[in-house]
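2 protein chains.
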Amino acid sequence: MNTGILVLGHGSSLPHNRELIEKIAEMIADHGNVVVRTAYLNMEKPTLEEGLANFDGTGVDKIVALPIFLAHGVHTLEDIPRELNLDNDLKGSTKVDGKTVDIVYAAPFGADPVIADLAYQRAEEALAR
Amino acid sequence: MNTGILVLGHGSSLPHNRELIEKIAEMIADHGNVVVRTAYLNMEKPTLEEGLANFDGTGVDKIVALPIFLAHGVHTLEDIPRELNLDNDLKGSTKVDGKTVDIVYAAPFGADPVIADLAYQRAEEALAR
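Going line by line, the protein sequences match chains R and U.
Each step along the first sequence adds one to the number in this note's numbering, with nothing skipped, and position 127 is 171.
Each step along the second sequence adds one to the number in this note's numbering, with nothing skipped, and position 10 is 54.
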């Protein structure tokens, strides 16, 4: 299997969200065995449609749409599914090199303990400054 | 030292951001030795001003403002510092029980490897569904 991961960012008028998304995409690519592309909902390129098109030539036969969001909200539950034409089960498909490939939609991070631990670490760092 | 942590969420018209913030606040409180309160930038209560006021009676002598955001952006660099009256060094102060206490401002998560690992895990979970 040749899996693609479309790393989805919020987008921003400032550079920090793009830097975050590009670094996360690099670190995911370092896991190996996946083809990684990025896309943004707002204010940045590539758009989601353009991001999907960037899998052309990669031979992927499945794409995971991976929202880099902390929690579900209007962006993850309405905007992204609409732009990716996902069905009610949050599944969809697209054409890569003329072939139909499935899109599966990953969950946002949620209140995972590693998120809480990282938040606590950021608080400790602020106190140490 | 008796430290307060003000856990700052984006706020949302949907319940998921609030659930995230409240669970993260609980997990941070479980670390012990800190007084934890929550506040929201948009669409939710308490506001940041109300969140600070909720330290009254706790005896905290320092407050960490901890933004639960993935990256810096307009919210973390403009909106939150303005609402907390932080100076150019992102430090400030507030009154708790009539006493002046310092506010220090923590950084957002950034492209930490634990974030990239969690994103990769979410992609794997989506593929397994």
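Yeah, the Cβ is synthetic: ideal placement off N, Cα and C, and Gly gets one too.
Please read these numbers as outputs of a predicted model, since none were measured by experiment.
| Check | Outcome |
| --- | --- |
| Supposed close pair Leu92 of chain R, His54 of chain R - CB separation, criterion 8 Å | Not really, about 12 Å apart at Cβ, beyond 8 Å. |
| Per-residue contacts from Ser137 of chain U into chain R (C-beta, under 7 Å) | Here the premise fails: no neighbours, minimum Cβ distance about 15 Å. |
| Beta strand (DSSP E) segment containing Asp140 of chain R, residue limits | The displayed chain sequence assigns Val, not Asp, to residue 140 of chain R. Its beta strand (DSSP E) spans residues 135-140. |
| Endpoints, beta strand (DSSP E) assigned at Leu110 of chain U | 106-111 |
| Contact with chain U by Ile107 of chain R, beta-carbon distance below 8 Å | no |
| Contact under 8 Å by Cβ, Val108 of chain R with Val158 of chain U | no |
| Closest by C-alpha distance to Asp131 of chain U, when choosing among U:Asn98, U:Val148, U:Ala115 | U:Val148 |
| Within chain R, partners of Thr47 of chain U - CB distance below 9 Å | Ala167, Leu171 |
| Residues, ordered as in the chain, of the region 148-163 of chain U that lie near chain R by beta-carbon distance below 9 Å | Val148, Tyr149, Ala150, Ala151, Pro152, Phe153, Gly154, Ala155, Asp156, Pro157, Val158, Ile159, Ala160, Asp161, Leu162, Ala163 |
| Nearest-angstrom beta carbon gap, Phe99 of chain U and Arg81 of chain U [assumed within contact, 8 Å] | 6 Å |
| Same chain, Cβ closer than 6 Å to Ala73 of chain R, neighbours up to 5 away in sequence not counted | Val80 |
| Cross-chain neighbours of Gly117 of chain U in chain R, by beta carbon under 9 Å | His54, Ser56, Ser57, Leu58, His60, Asn61 |
| Under the three-state DSSP convention, the category Leu162 of chain R falls into | helix |
| Contact set between Ile72 of chain U and chain R, taken where Cβ atoms lie within less than 7 Å | Ala160, Ala163, Tyr164 |
| Ala172 of chain U, DSSP secondary structure in three states | helix |
| Simplified DSSP state of Ala97 of chain R, which is helix, strand or coil | helix |
| Neighbour list for Lys89 of chain U in chain R, Cβ cutoff strictly below 7 Å | Result: empty, since nearest Cβ-Cβ is about 17 Å, beyond 7 Å. |
| Thr91 of chain R, DSSP secondary structure in three states | coil |
| Whole-number beta carbon distance between Pro90 of chain R and Ala150 of chain R, since they are thought to touch under 8 Å | That belief does not hold up - the Cβ atoms of Ala150 of chain R and Pro90 of chain R are roughly 19 Å apart, past 8 Å. |
| Where Ala69 of chain R falls: helix, strand or coil (DSSP) | helix |
| Chain U within 8 Å of Leu64 of chain R, Cβ atoms only | yes |
| Any C-beta of chain U under 8 Å from that of Ile124 of chain R | no |
| C-beta contact flag for Val78 of chain R and Ile65 of chain R at 8 Å | no |
| Rounded Cβ spacing between Leu58 of chain R and Gly117 of chain U (contact assumed at less than 8 Å) | 5 Å |
| Whole-number beta carbon distance between Tyr164 of chain R and His75 of chain U, since they are thought to touch under 8 Å | 5 Å |
| Beta bridge counterpart(s) of Val79 of chain U as assigned by DSSP | U:Gly48 |
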